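Shown next, in structure tokens, is the structure this report addresses.
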Amino acid sequence: MAELESISPDRFRSLLETKSDISNYHITEEVIIDNDYIVGNKAVTITNCTFNFEFQIKGIQLNQKYFFINCIFTQRFLAVDLELKNLQFSNCTFNQYFTSKNLKAFLIHFEFCHFDLQKTLIIDQFKAEKFKFLKNESNRDIQLIPQDVRLIALAGSESKNSITLSSRGNKNVIDNLFLEFNSNHKTDFLLRNLNVRYAQIHGELKESTLSINNVKLQIGIIKYFFNFGNMLINSLLPLSEASILVMKGANLGNAIISSTDFSKFTTVEVSNCNLVDIVPVNIVWCKSNSLKAKNSLNDRKETYRQLKIVADKNLDVPTKLMFHQYEMRAYLKILKCQKGNFSDRFILRTNQISNNHGLSWHFSLFWLLGFSILWYTLAKYTLGETVYAPELIGSEIGKFINFINPAHYFGRIFDAKSDIYTTNARLFDGLSRITSAYFIYQFVGAFRKYSKK
206 MAELESISPD RFRSLLETKS DISNYHITEE VIIDNDYIVG NKAVTITNCT
256 FNFEFQIKGI QLNQKYFFIN CIFTQRFLAV DLELKNLQFS NCTFNQYFTS
306 KNLKAFLIHF EFCHFDLQKT LIIDQFKAEK FKFLKNESNR DIQLIPQDVR
356 LIALAGSESK NSITLSSRGN KNVIDNLFLE FNSNHKTDFL LRNLNVRYAQ
406 IHGELKESTL SINNVKLQIG IIKYFFNFGN MLINSLLPLS EASILVMKGA
456 NLGNAIISST DFSKFTTVEV SNCNLVDIVP VNIVWCKSNS LKAKNSLNDR
506 KETYRQLKIV ADKNLDVPTK LMFHQYEMRA YLKILKCQKG NFSDRFILRT
556 NQISNNHGLS WHFSLFWLLG FSILWYTLAK YTLGETVYAP ELIGSEIGKF
606 INFINPAHYF GRIFDAKSDI YTTNARLFDG LSRITSAYFI YQFVGAFRKY
656 SKK
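Just so you know, we're using our numbering here: the sequence shown kicks off at 206 and counts up by one.
Here is the structure:
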């Protein structure tokens with residue numbers, strides 16, 4: 206590293222008026238850059254400089270760009286009442302605080318910086334089109350509270366601290382939010398009280414925590430994300446009536462998801478994801494129509510299967526039954542698209558229409574009564590018992606109820622002697638025994654849906 210030349214603040218300001226690259230200086234007193242000084246170049250790069258006292262930059266400098274590289278700020282860096290184009294820091298060290306007040310810029314960028322602080326760092330009261338806080342190390346927690354930002358990009362580092370991004374109650378909407386994780390990062394992230402049009406999370410969460418609390422989303426994407434650490438999602442809400450959630454190639458691990466109504470999202474797309482270990486608490490799952498858009502049948506079937514397992518682990522029987530029904534419907538559609546497998550299609554289809562895959566007893570009752578009336582009428586007609594008399598109604602009802610019993614005795618129901626039994630009547634009676642037995646079984650099975658293992 207080159208030896209630093211000690212200069213005064215006035216000399217440093219004069220360099221700003223003439224040079225676009227300033228490097229290898231040690232500034233021994235407080236530096237103030239404001240509208241009283243004319244910066245000679247619209248883009249100034251300050252490299253390998255040490256500022257022993259407070260550094261202040263303020264005023265309206267609309268098209269000005271400042272880029273600090275490998276600089277050390279031993280006292281506070283103040284950006285107060287400042288409006289400029291870009292303010293960037295790379296590999297810089299802050300031994301005190303970065304303080305912003307009424308800061309407005311197109312780009313505010315911190316990357317690979319080190320914060321050696323005595324207490325929590327709060328960066329607030331700033332507006333920007335783009336704010337990037339990437340792979341910075343800090344010995345204390347950091348709070349980011351923007352007033353109005355269009356794009357935010359965050360990434361952690363190997364230092365063990367937390368970064369909190371919140372809105373402090375303002376209603377401004379963040380257009381884009383990108384959050385990146387790496388297996389060697391130890392930074393915890395807390396996102397809370399945010400309104401976001403587009404949010405994307407990716408990477409590998411391993412030795413850190415991601416907590417999302419009271420966040421409203423227009424489009425939320427979890428893409429190629431693997432949770433081997435701690436993930437907590439609480440009160441995830443749609444930003445509008447056309448909000449979308451997308452999960453692709455993700456493993457949510459043992460994520461705890463609570464107080465969220467997924468049915469309020471217009472579309473939930475899940476593809477090639479592992480959801481079997483998530484822990485749902487006070488969750489309302491979306492219906493099958495919300496999971497259809499752009500999802501293949503195989504993806505839908507696998508998603509339903511995994512959510513069924515999740516519900517079963519948490520003893521949530523109604524939800525388990527709902528996803529079992531969705532899974533069977535999706536499987537039936539898959540079989541319809543394939544050649545062969547007639548026997549499986551037949552079984553699934555008859556289960557669907559007879560008791561809705563074990564969930565609806567009234568389907569079975571309807572079919573049981575319908576087929577029994579059909580076979581009973583045909584048998585009576587074949588035997589010639591077609592005389593109607595009002596006084597026989599009670600007797601016929603009793604005979605019909607007995608006829609529904611698959612183990613009924615033919616001679617006690619029909620007033621016919623054995624020598625006039627016809628083949629057709631016996632055929633209809635035999636068919637009635639088969640259909641009655643089947644639909645009674647389906648009827649009883651539907652009533653046992655809450656006690657099935």
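Yeah, the Cβ is synthetic: ideal placement off N, Cα and C, and Gly gets one too.
Only a predicted model underlies this, so the values are computations on that prediction, with no experimental measurement involved.
A buried status is given to residue 618, since no fewer than 16 other beta-carbon atoms sit within 10 Å of its beta-carbon. Following the DSSP letters along the chain, one finds residue 304 inside the beta strand (DSSP E) bounded by residues 303-316. The Cβ atoms of residue 341 and residue 371 do not sit closer than 8 angstroms to each other. Under a 10 Å Cβ-count criterion, residue 512 is classified as buried, with 16 or more other Cβ atoms of the shown protein chains found around its own Cβ. Residue 353 sits in a strand when the DSSP states are folded into three classes. Annotation for residue 267: the continuous beta strand (DSSP E) segment containing it runs 260-274. Counted as a single uninterrupted DSSP element, the stretch harbouring residue 556 is not any beta strand (DSSP E) but the alpha helix (DSSP H) occupying residues 547-560. In the three-state DSSP reduction, residue 280 falls in the coil class, being neither helix nor strand. In this structure residue 262 is not in contact with residue 248, their Cβ atoms being roughly 15 angstroms apart against a cut-off of 8 angstroms. The beta carbon of residue 543 lies closer than 6 angstroms to none in the same chain, with the five residues before and after it left out. Residue 449 is positioned such that its CB atom lies closer than 8 angstroms to that of residue 471. Assignment of alpha helix (DSSP H) within the region 516-548, counting only whole runs of 4 or more residues, yields 522-542 in chain order. Partner residues in the beta bridge of residue 360, as assigned by DSSP, are 339, 385. Note: residue 404 is bridge-paired with 382, 425 in the DSSP secondary-structure output. Cβ neighbours of residue 415 within its own chain (closer than 6 angstroms, five residues either side excluded): 394, 436.
Within the same chain, 361, 390, 391, 392, 393, 434 come within 7 angstroms of residue 413 by CB-CB distance, once the 5 residues on both sides are set aside. Shown here, residue 567 sits in a helix according to DSSP, grouped into three states. A direct Cα-Cα distance of roughly 38 angstroms separates residue 211 from residue 352. The Cβ atoms of residue 272 and residue 304 lie no closer than 8 angstroms to each other. When 219, 645, 520, 612 are compared, the shortest CA-CA separation from residue 575 is found for 645.
Taking every protein chain shown into account, the CB of residue 376 has fewer than 16 other CB atoms within 10 angstroms, so this residue is exposed. With respect to the C-alpha of residue 381, the residue from 369, 396, 404 having the closest C-alpha is 404. In this structure, the CA atom of residue 615 is about 57 angstroms from the CA atom of residue 469. Distance from the Cα of residue 501 is smallest, within the candidate group 553, 474, 357, for 474.
Distance from the CA of residue 527 to the CA of residue 514, rounded to the nearest whole angstrom, comes to 12 angstroms.
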